[in-house]
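> The structure that follows is given in the form of C-alpha cells.
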Amino acid sequence: MSQLHKTTQKIIAHYQNLDLGGKKVCTPYYINTSRSKDLRVMVGKGTPEEIEMEARIWEKVKGVDFSLMSNLEIKQFLIGRGIGIDCSGFIVHVLNAYYQEAFKRPLWKSLKISVKTVFSKLKYFLRPIEHLGAEVIINEENSYPIVINDVRAGDLIRSKGKKNNAHHAMLIFVGRG
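Printed below as a string of C-alpha cells:
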C-alpha cells in the first residue's frame, strides 16, 4: 500500500482541519498527563468531532468568539484548556477507522493487552481508547519490526521519550508503493 486507505485519510484530514469559527484549525499535539480520569478530549484521546464539540463548549463558557480569533489563537486556546491529541490517541483513531471498515470491529478488540488485575481489566473494558498508549500499540505482542526499506503507509515508528518508560509512536502516511 503506497498510501493510507481513504477512510484513514479522511480522519487525518479532519484532525488537520477542525471546523472552529468558520476556520480550519489543526488539532494541537498535546499530552495532558495530569488529567488521566477526564474526558477523552482532555487526555489526548478524542475524535475530531469530540474535540470540536468540547472546543465549542469552552468557547461559550469563556465568552470568546472563534470567528474573531486567528488559527494560532484558537490553537493556543485549545492548549490552554488541555484539549488536543497525543500520538497514541491519533494512531488509535486513524487505524481504528480502517479496522472498522476492513474487519467490522474495533481495533482494540484485536490488540493484546497485558492487564494484571480485575480492576485494570474493567478500566480497559470500559474505556479502551484512554488506556491504549504507544507502549501498548507498538509492543512486541501487537507489532513486529520491519526493515526501513520496507516501510509502507500504515506502518508505525517507535521512539523512546526522554522520560523513563516514555514511548512515542509515529504513523507513516505515505510509503513505498
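Numbering of the sequence shown is given in this note's numbering, commencing with residue 724 and proceeding in unit increments. A virtual CB, placed ideally from N, CA and C, is assigned to each residue, including glycine. Please read all numbers here as calculations on a predicted model, not as lab measurements.
1) By DSSP, does D742 sit in helix, in strand, or in coil?
2) Would you say I808 and I860 are within 8 Å of each other, going by their C-beta atoms?
3) For G745 versus S790, is the C-beta distance shorter than 8 Å?
4) Tell me whether V766 sits in a helix, a strand or coil according to DSSP, three-state version.
5) Just checking my contact of Y753 with I802 at CB under 8 Å: how many whole Å lie between their CB atoms?
6) Going by beta carbon distance, what residues of the same chain come within less than 8 Å of P829, once the five residues before and after it are set aside?
7) Are there three or more Cβ pairs, one per stretch, closer than 8 Å when the stretch 830-838 is compared with the stretch 776-784?
8) In its own chain, which residues sit with a C-beta less than 8 Å from the C-beta of N865, not counting the 5 before and 5 after it?
9) Any chance you could list the alpha helix (DSSP H) runs of at least 4 consecutive residues sitting entirely within the stretch 769-857, in chain order?
10) With a threshold of 16 other CB atoms inside 10 Å of the CB of Y738, please say whether the residue is buried or exposed.
The answer reads as follows:
1) It is a strand residue.
2) No, the pair does not count as a contact, with Cβ atoms beyond the cut-off.
3) In this structure, S790 lies closer than 8 Å to G745 by Cβ.
4) Here V766 sits in coil by DSSP.
5) Right, their Cβ atoms sit about 6 Å apart.
6) Excluding residues within five positions, the ones whose Cβ falls inside 8 Å are N819, Y822, Q823, P851.
7) Segments in contact, no.
8) Once the five neighbours on either side are set aside, the close Cβ partners of N865 are L834, K835, V859.
9) Given a length threshold of 4 residues, each whole run of the alpha helix (DSSP H) inside the stretch 769-857 is given here in chain order: 771-784, 794-803, 810-826, 841-849.
10) Buried, by the Cβ-count rule.
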